[in-house]
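K.L.:
Below you will find the structure I want to go over with you.
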Amino acid sequence: SRYSRYVGDIFGSLLAIEATLAFFLESTFLAVWAFGWKRLSPRMHAACIWLVALASNLSALWILIANAWMQHPVGYVLRNNRAELSDFFAVVTQPFAWQIFFHTVSGAYILTGFFVMGVSAYHLLRKQHVAFFTKSFRLALGMALIFSVAEVVQGHIHGAEVAKIQPAKLAAMEALWETKAGAPQTLFIIPDEKNERNLVEFGAIPGALSMLAYHDPNAVVKGLKDFKPEDRPPVTLTFVAFRIMVGLGFLFVALTGWTWVRRKKLLESPGLLKILIWSIPLPYIALQAGWIVTEVGRQPWIVYGIMRTKDAVSPIAASQVGISLTAFIVVYTVLGIVAFYLIRKFAIAGPAPEPATARGEV
């Protein structure tokens, strides 16, 4: 495709590092962990899965640096109708890349914390393996609380960066049609994309959007009408996804904060335990909403400001796309069902008993 040719010189180095460093570590130590139950000491066996986790974070870093370049291209020159890498250091050190990394990984840690809390709450509610799941619950709670607070703070920092380099995305996130000085933060909006207005606006806080975006309550925030229609992202989807993400982010802070207050009375709080069980899907929803904001909000660009999505489409027949899309849907649906079944099975089963046979020492 034209896209592969256009960005290949940039992505080649980034994804090569990801594959040779992070993916190699992941696959190697995952294999050692999987086949080393009776061959490694408990500490060495645990160290293998910690190295897999570290490698997964390294993998995320390089993939997200590549994504950040698509959002904010730096360190390149246009030559022969393609982007060529001119400054590798600029690509890997740009603040936007590290903000995306910390924002994404923090969200993943929140998901992990809520999942472990939910599973632990399920067993505590039934008074099963109380000592084990009390410990796992408290560990997960600490993780979820720390990263929920960090995510809100980091999200604000990242939002201010988006305001500088992707102002059209900011306007779509807030359904702001007119350019305004001292732009308000409006809590409830029903956007009317067709007529370039909002049907309902309720709960406006004067100057708040300007303050959040530019740290100045009188700063000018560009509205969607300042951008050509063909340069605007889809407003309604971006706006709704942003509200879902932010709303859930503050909910996570409130829920983990209240749970922290009640952490010593978990067995006396069946209602809270039930809420935490049903909260397991919420971080998944928040992560998906965040990626919708990221990817839909940058449209119509696949590489922001220099290459449109429509210009990156592969020159292949629609039937070929339909076949591959169907295959992807079928394969990932099956994988999703199997994964859900296995996760549910082992979550309900609880901790496995310690094996009677001694483990070998390394």
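Per my numbering, numbering through the sequence shown is continuous, rising by one, with the last residue being 448. We put the CB at the ideal spot given by N, CA and C, even for glycine.
(1) Contact between the segment 401 to 408 and the segment 349 to 369: three or more CB pairs below 8 angstroms?
(2) Within the same chain, show all residues whose beta-carbon is closer than 7 angstroms to that of residue 259, passing over the 5 residues directly before and after it, in chain order.
(3) Quick check on the DSSP output: the beta strand (DSSP E) that includes residue 163 runs from which residue to which?
(4) Hey, out of 156, 102, 107, whose CA is closest to residue 92's CA?
(5) Quick check on the DSSP output: the alpha helix (DSSP H) that includes residue 271 runs from which residue to which?
(6) So the candidates are 178, 195, 149, 208; which of them puts its Cα closest to the Cα of residue 358?
(7) Can you tell me which residues form a DSSP beta bridge with residue 291?
(8) Compare the C-alpha of residue 332 against each of 373, 277, 301 and name the closest.
(9) Measuring CB atoms only, is the segment 234 to 241 touching the segment 293 to 310, in the sense that at least three cross pairs come out at less than 8 angstroms?
(10) In terms of residue numbering, what span does the beta strand (DSSP E) encompassing residue 388 cover?
(11) Assign residue 169 to one of three DSSP states: helix, strand, or coil.
(12) By DSSP, does residue 88 sit in helix, in strand, or in coil?
(13) Excluding the 5 residues flanking residue 88 on each side, which residues of the same chain have their C-beta closer than 7 angstroms to its C-beta?
(14) Let me confirm a value: residue 102 is counted as buried when at least 16 other C-beta atoms fall within 10 Å, else exposed. Which label applies?
(15) Among 177, 185, 148, 421, whose alpha-carbon lies nearest the alpha-carbon of residue 104?
(16) Roughly how many whole angstroms lie between the Cα atoms of residue 122 and residue 113?
P.N.:
Judging by the given coordinates:
(1) no
(2) Stepping through the sequence shown from its first residue, residue 259 is reached at position 173. Here the set comprises 324, 325, 328, 379, 383.
(3) The residue given as residue 163 occupies position 77 in the sequence shown. Segment 162 to 165, the beta strand (DSSP E) holding residue 163.
(4) Along the sequence shown, read from residue 1 onward, the residue named residue 92 stands at position 6. Cα-wise, what sits closest to residue 92 is 156.
(5) Walking along the sequence shown from the start, residue 271 turns up at place 185. First-last for residue 271: 271 to 278, but that is the beta strand (DSSP E), not the alpha helix (DSSP H).
(6) Position 272 of the sequence shown, counting from 1, holds the residue named residue 358. Out of 178, 195, 149, 208, 208 has the C-alpha closest to the C-alpha of residue 358.
(7) Numbered from its first residue, the sequence shown carries residue 291 at position 205. Residue 291 pairs with 271.
(8) Here residue 332 corresponds to residue number 246 of the sequence shown, with the count starting at 1. Minimum Cα distance to residue 332 is reached at 373.
(9) no
(10) For the purposes of this step, residue 388 is taken as residue 302 along the sequence shown, with counting starting at 1. Residues 387 to 389.
(11) Locating residue 169 in the sequence shown gives position 83, counting from the first residue. Reduced to three states, the DSSP call for residue 169 is strand.
(12) Stepping through the sequence shown from its first residue, residue 88 is reached at position 2. Residue 88: helix per DSSP, three-state reduction.
(13) Numbered from 1 along the sequence shown, position 2 holds the residue referred to as residue 88. Same-chain partners within the cutoff: 397, 398.
(14) For the purposes of this step, residue 102 is taken as residue 16 along the sequence shown, with counting starting at 1. When all chains shown are included, residue 102 counts as exposed.
(15) For the purposes of this step, residue 104 is taken as the residue at position 18 of the sequence shown. Checking every option, the nearest Cα to that of residue 104 belongs to 148.
(16) Taking the sequence shown and counting its residues from 1, one reaches residue 122 at position 36. Taking the sequence shown and counting its residues from 1, one reaches residue 113 at position 27. For residue 122 and residue 113, the distance between alpha carbons rounds to 14 angstroms.
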